[in-house]
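S.K.: Sending over a structure as structure tokens; questions will come in a sec.
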Amino acid sequence: SGDPATTVCEVLKILLEQFKEDVTTTKTGHKVLPPYIRVIQGDGVDWESIPKILETLAANGIAAENVAFGSGGALLQKMNRDTFKCAFKCAEITVNGEAKDVFK
22 SGDPATTVCE VLKILLEQFK EDVTTTKTGH KVLPPYIRVI QGDGVDWESI PKILETLAAN
82 GIAAENVAFG SGGALLQKMN RDTFKCAFKC AEITVNGEAK DVFK
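Quick note: the sequence shown uses this note's numbering, first residue 22, plus one each step.
Pasting the structure below:
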């Protein structure tokens, strides 16, 4: 809860500290978590909050690739998958080197 930009940034700062031995840095100097850790932000996500979140991350030296954005049912009044003209779906995961289908 709280301001999405502040919350995402603070969570990522904590994760970057906890996993500092596996953190890398981009060519532009932004920190990236190890590939097995990412943050999904769905609360408070709309077309105005996403740029604010990304600007806050950049100002704090945190790479955008650390976060993914989702949209819950409560946000349908403000936006839907057509607003950004894209949709993301998970169809497969890898667990212990073995591919597994993902479905509802």
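Just so it is clear, CB atoms sit at the ideal spot from N, CA and C, and this is done for glycine as well.
Can you tell me which of the three DSSP states Ala95 falls into?
M.R.: Interpretation of Ala95 is limited by its pLDDT of 48, a score under 50 that renders its predicted location unreliable; no figure is taken from the coordinates.
S.K.: Does Asp122 come out as helix, strand or coil in the three-state DSSP assignment?
M.R.: In the structure shown, Asp122 sits in a strand (DSSP, three-state: E or B).
S.K.: How is the alpha helix (DSSP H) around Ile61 delimited, first residue to last?
M.R.: Segment 60-62 is the beta strand (DSSP E) holding Ile61; no alpha helix (DSSP H) there.
S.K.: Alpha carbon to alpha carbon, how far is Asn81 from Glu69? Give it in angstroms, no decimals.
M.R.: 19 Å
S.K.: With C-beta atoms as the reference, is Leu36 less than 7 Å away from Lys52?
M.R.: no
S.K.: Which two residues bound the contiguous beta strand (DSSP E) that contains Glu114?
M.R.: Residue 114 is actually Ile in this sequence, not Glu. Ile114 -> beta strand (DSSP E) spans 113-116.
S.K.: Would you list the one or two residues that DSSP bridges to Val88?
M.R.: Val60
S.K.: Less than 8 Å between the CB atoms is what I'm expecting for Val66 and Pro25, so what's the real figure, rounded?
M.R.: 7 Å
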